[in-house]
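Read the structure below first, then the notes.
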Amino acid sequence: IGKNNLLLYNKSSLSEALNQKYYLAELTIKRKLFHTLIINLREKQQTVIWREDEKYYFLDSDGNMINQLDPLNINSADYPLIENLTAIKINERQANINKETIAYILSLFSEFKNNKHGFTVERFIVDQDVNTVKVAVLGGPKIFYNTRTPAAEQTAKLDLIINQKLKDSFKTKTQIDLRYANNVYIK
Numbered sequence: 054i055g056k057n058n059l060l061l062y063n064k065s066s067l068s069e070a071l072n073q074k075y076y077l078a079e080l081t082i083k084r085k086l087f088h089t090l091i092i093n094l095r096e097k098q099q100t101v102i103w104r105e106d107e108k109y110y111f112l113d114s115d116g117n118m119i120n121q122l123d124p125l126n127i128n129s130a131d132y133p134l135i136e137n138l139t140a141i142k143i144n145e146r147q148a149n150i151n152k153e154t155i156a157y158i159l160s161l162f163s164e165f166k167n168n169k170h171g172f173t174v175e176r177f178i179v180d181q182d183v184n185t186v187k188v189a190v191l192g193g194p195k196i197f198y199n200t201r202t203p204a205a206e207q208t209a210k211l212d213l214i215i216n217q218k219l220k221d222s223f224k225t226k227t228q229i230d231l232r233y234a235n236n237v238y239i240k
């Protein structure tokens with residue numbers, strides 16, 4: 054916008070330029086009198102960190118990319134880290150994950166936060182397995198969750214297996230699969 058051309062500014066091109074540079078939840082642009090432009094905006098809320106091809110991005114709760122992150126500035130205690138191992142990559146600021154899967158991962162993140170179950174979650178993994186989220190335990194196994202079954206139900210089953218069967222051998226396992234109703238598969 055030119056300093057003296059406020060009357061002639063193009064509101065839609067300014068809106069488009071701001072939306073391209075920032076991922077906004079809300080944007081309003083108003084002209085007040087002759088020399089004042091009022092811009093109100095609200096950015097989308099960061100919900101998860103998405104890792105894809107060794108790059109990191111903040112996503113909102115719908116899976117839209119907000120911005121790219123420097124890997125040195127990532128704090129996995131604040132946001133769940135989701136690794137994309139599918140062949141489908143971010144396209145037009147949309148990651149290959151749906152709102153329901155993000156909500157499921159957020160519930161798992163909340164459940165495992167602060168070492169509540171005796172181990173630390175390193176990251177969550179989405180790959181070609183349908184209706185599956187894998188939880189990578191730091192120094193331990195990958196735990197397979199079925200996103201069509203409540204996380205709390207599967208976590209209760211996991212706690213039972215760890216406390217009654219695995220005990221101290223939990224971290225020596227490579228895989229614990231909770232996806233199949235009453236069966237648990239351990240490698």
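With the first letter of the sequence shown counted as 1, position 108 gets the number 161 in the working numbering; the numbers rise by one all the way through.
C-beta atoms are modelled at their ideal positions from N, C-alpha and C, and glycine is treated no differently.
Distance between W103 and I158, taken at the CA atoms: about 12 Å. Per DSSP, the beta bridge partners of D230 are F197 and Y238. With 16 or more other Cβ atoms inside 10 Å of its own Cβ, G116 counts as buried. Classified as exposed, V183 has fewer than 16 neighbouring CB atoms from the shown chains inside 10 Å of its CB.
Counting along the chain, the unbroken alpha helix (DSSP H) around E206 starts and ends at A204 to I214.
Beta bridge pairing from DSSP links A189 with R176 and K195. Taking a C-beta distance under 8 Å as the contact criterion, V174 and T154 do not qualify as a contact pair. DSSP places A78 in the strand class (E or B) of the three-state scheme.
For N63, the three-state secondary structure derived from DSSP is coil. Between K195 and the set K169, D230, P124 and H170, the nearest pair of CA atoms involves D230.
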